[in-house]
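A.B. asks: Sequences listed follow chains A and B, in order.
Everything in the first sequence is counted per this note's numbering, starting at 9 for the first residue and increasing by one.
Everything in the second sequence is counted per this note's numbering, starting at 1256 for the first residue and increasing by one.
Beta carbons: idealized from backbone N, C-alpha and C, even for Gly.
Sharing a structure below in structure tokens format, with a few things to ask.
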Amino acid sequence: MLKYTLYLICLASLLGSCQTDKAPLMAPEYLYDAKNQQMISSSINSRNGTSSLLYGKDETLSSKRYSEGANYTLVTWKQKPMPGWYGTNMNSAIYSVETMSVQPGTNHQLNLRYQFKTGPSFDVKNTIPSAKERINFILTQPKAVQP
Amino acid sequence: MNGISYTPAYKNWKVISVTDKYDGGSMRVVYGNDIMIKAIKEKKLPFPDGAMMAKLVWGKQRVDKEGNTFPGNFQNVQLMIKDSKKYSSTEGWGFARFDGLELKPYGKTAAFEKTCINCHRLLVPQNDFVFNIPTKPIK
């Protein structure tokens, strides 16, 4: 019985020593404030080790993405392993913020205005993608179901 | 279920975490309400009463040739609500889960909450029992 109790105490200590007792260092700078835009979809890129969220305004969510006045924000973060849960990656610092707006042009055409801004985790070795590629990525992204 | 009802109010909250549960094949987005966001910005633990989070869980679509994957089927939404008196037996957090597009409440008895808090208690007690908050290593 004593031997069994000792084994239990050792196991409990081992489990305890695996935990970090220190309070975490919160990183509110990882948050992105999309103001009055709502989340349309999410994506993961395993090749780049990034996660992204596509935001837009309410009235553009169900209609064509390229309706006049539509505004989109695509926020990308570098991933990191989730502390405390093996088998999951979560967002760390912001990698880039891309914006796109649909504005009236000449002859009843629409102009797409696109901008790429680097974030704290964007490295000088990273490549800034082509605007055409990213505009297409934004316009064709499937919507995430949010009941 | 546990007196916690589903609320679509999360759509107007702010996202606090985007996660890729590759060991399990799901992807998640976690929203926090204003009280939660304020506490994160002020770096204050424990989180105050009234803090709420909603985690949406989807399966994953196939990876495309550029390495992108997008949300597939909607699986469930999970809620955490802080009320240190009401949920004193589960570290101040109330838990709820709603499955599928019908948002069917999951868990028939109070044992459901014990299952939730046991993992949170074991693995992230220093985070006030929350996995999905933005943190960086202490240097």
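What is the DSSP secondary structure of residue 107/A, counted as helix, strand or coil?
C.D. replies: Residue state, collapsed to three classes: strand.
A.B. asks: In terms of residues, what are the limits of the alpha helix (DSSP H) holding residue 1376/B?
C.D. replies: From DSSP, the alpha helix (DSSP H) with residue 1376/B extends over 1366-1378.
A.B. asks: Please list, in chain order, all residues of the same chain as residue 82/A whose beta carbon is under 7 angstroms from its beta carbon, the five residues on each side excluded.
C.D. replies: Result list for residue 82/A: 60, 62, 106, 146, in chain order.
A.B. asks: Anything in the segment 1375-1392 of chain B with a Cβ closer than 8 angstroms to a Cβ of chain A? List those residues in chain order, please.
C.D. replies: Answer set for the segment 1375-1392 of chain B: 1377, 1378, 1379, 1380, 1381, 1382, 1386, 1387, 1388, 1389, 1390, 1391, 1392.
A.B. asks: Excluding the 5 residues preceding and the 5 following residue 1388/B in the sequence, name in chain order all residues of the same chain whose CB lies nearer than 8 angstroms to its CB.
C.D. replies: Counting only Cβ-Cβ distances below 8 angstroms, and skipping sequence neighbours, we find 1271, 1272, 1295, 1382.
A.B. asks: Alpha carbon to alpha carbon, what distance is there between residue 1344/B and residue 86/A?
C.D. replies: About 36 angstroms.
A.B. asks: Where does residue 163/A land, buried or exposed, given buried means 16+ other C-beta within 10 angstroms?
C.D. replies: Nothing can be reported for residue 163/A: it is not among the residues displayed for chain A, which extend from 9 to 155.
A.B. asks: Could you tell me the distance, in whole angstroms, from the CA atom of residue 47/A to the CA atom of residue 64/A?
C.D. replies: Those two C-alpha atoms are separated by around 6 angstroms.
A.B. asks: Are any of the Cβ atoms in chain A nearer than 8 angstroms to that of residue 1302/B?
C.D. replies: False, the Cβ-Cβ gap to chain A never drops below 8 angstroms.
A.B. asks: Residues of chain B with a CB under 9 angstroms from the CB of residue 96/A: which are they?
C.D. replies: Per Cβ cutoff of 9 angstroms: 1274, 1275, 1276, 1277, 1278, 1279, 1283, 1386.
A.B. asks: Does the beta carbon of residue 47/A sit closer than 8 angstroms to a beta carbon anywhere in chain B?
C.D. replies: Yes, residue 47/A counts as interfacial toward chain B.
A.B. asks: Name the chain A residues that come within less than 7 angstroms of residue 1262/B, Cβ to Cβ?
C.D. replies: Those within 7 angstroms of residue 1262/B in chain A number zero; the least Cβ separation is about 11 angstroms.
A.B. asks: Of all the CB atoms in chain A, is at least one closer than 8 angstroms to the CB of residue 1313/B?
C.D. replies: Chain A contact via Cβ: present.
A.B. asks: Have a look at 1324/B, 1260/B, 1333/B and flag the residue whose alpha-carbon is nearest the alpha-carbon of residue 1311/B.
C.D. replies: The shortest Cα separation from residue 1311/B among 1324/B, 1260/B, 1333/B belongs to 1333/B.
A.B. asks: Please report the straight-line C-alpha distance between residue 1268/B and residue 1283/B, rounded to a whole angstrom.
C.D. replies: Roughly 15 angstroms between the two C-alpha positions.
A.B. asks: When the Cα atoms are used, what is the spatial distance from residue 1358/B to residue 114/A?
C.D. replies: Between residue 1358/B and residue 114/A, the C-alpha separation is close to 47 angstroms.
A.B. asks: Three-state secondary structure (DSSP) at residue 43/A?
C.D. replies: Coil, per DSSP.
A.B. asks: Please state whether the Cβ-Cβ distance between residue 108/A and residue 122/A is less than 8 angstroms.
C.D. replies: Yes.
A.B. asks: Drop a sphere of 10 angstroms on the beta-carbon of residue 11/A, count the other beta-carbons inside from all chains shown, and report buried for 16 or more, exposed for fewer.
C.D. replies: Residue placement at residue 11/A cannot be trusted, given a pLDDT of 47 that sits under 50; the coordinates are not used to answer.
A.B. asks: Run through the segment 1316-1343 of chain B for me and flag every whole beta strand (DSSP E) of 3 or more residues, listed as ranges in chain order.
C.D. replies: DSSP runs (the beta strand (DSSP E)) wholly in the segment 1316-1343 of chain B: 1326-1337.
A.B. asks: Check whether the Cβ of residue 19/A lies closer than 8 angstroms to any Cβ atom in chain B.
C.D. replies: Caution applies to residue 19/A, whose pLDDT of 45 falls short of 50 and renders its modelled position unreliable; the model cannot decide the point.
A.B. asks: Quick one: Cα of residue 1260/B to Cα of residue 42/A, how far?
C.D. replies: Rounded to the nearest angstrom, the two C-alpha atoms are 27 angstroms apart.
A.B. asks: Could you work out which residues of chain A lie near residue 1347/B, taking near to mean beta carbons separated by less than 7 angstroms?
C.D. replies: Ordered by position in chain A, no residue passes the 7 angstroms Cβ test against residue 1347/B, which lies about 16 angstroms from the chain.
A.B. asks: Would residue 52/A and residue 1324/B qualify as a contact pair, given that the criterion is a beta-carbon distance under 8 angstroms?
C.D. replies: Yes, the pair counts as a contact, with Cβ atoms nearer than the cut-off.
A.B. asks: Using a Cβ cut-off of 9 angstroms, which residues of the segment 97-125 of chain A contact any Cβ in chain B, in chain order?
C.D. replies: Under the 9 angstroms Cβ criterion, the segment 97-125 of chain A contributes 97, 98, 99, 100, 101.
A.B. asks: I need the DSSP call for residue 1301/B, collapsed to helix, strand or coil.
C.D. replies: Looking at residue 1301/B - three-state DSSP - the assignment turns out to be coil, as it is neither helix nor strand.
A.B. asks: Nearest chain B C-beta to residue 2/A closer than 8 angstroms, yes or no?
C.D. replies: In the structure as shown, chain A begins at 9 and stops at 155. Residue 2/A is therefore absent and cannot be evaluated.
A.B. asks: Compare the Cα-Cα distances from residue 1317/B to each of 54/A, 77/A, 76/A and report the closest residue.
C.D. replies: Among 54/A, 77/A, 76/A, the Cα nearest to that of residue 1317/B belongs to 54/A.
A.B. asks: In angstroms with no decimal places, state the Cα-to-Cα distance between residue 1384/B and residue 1335/B.
C.D. replies: Each residue's alpha carbon lies about 10 angstroms from the other.
A.B. asks: Does DSSP put residue 147/A in a helix, in a strand, or in coil?
C.D. replies: Note: residue 147/A maps to helix in three-state DSSP.
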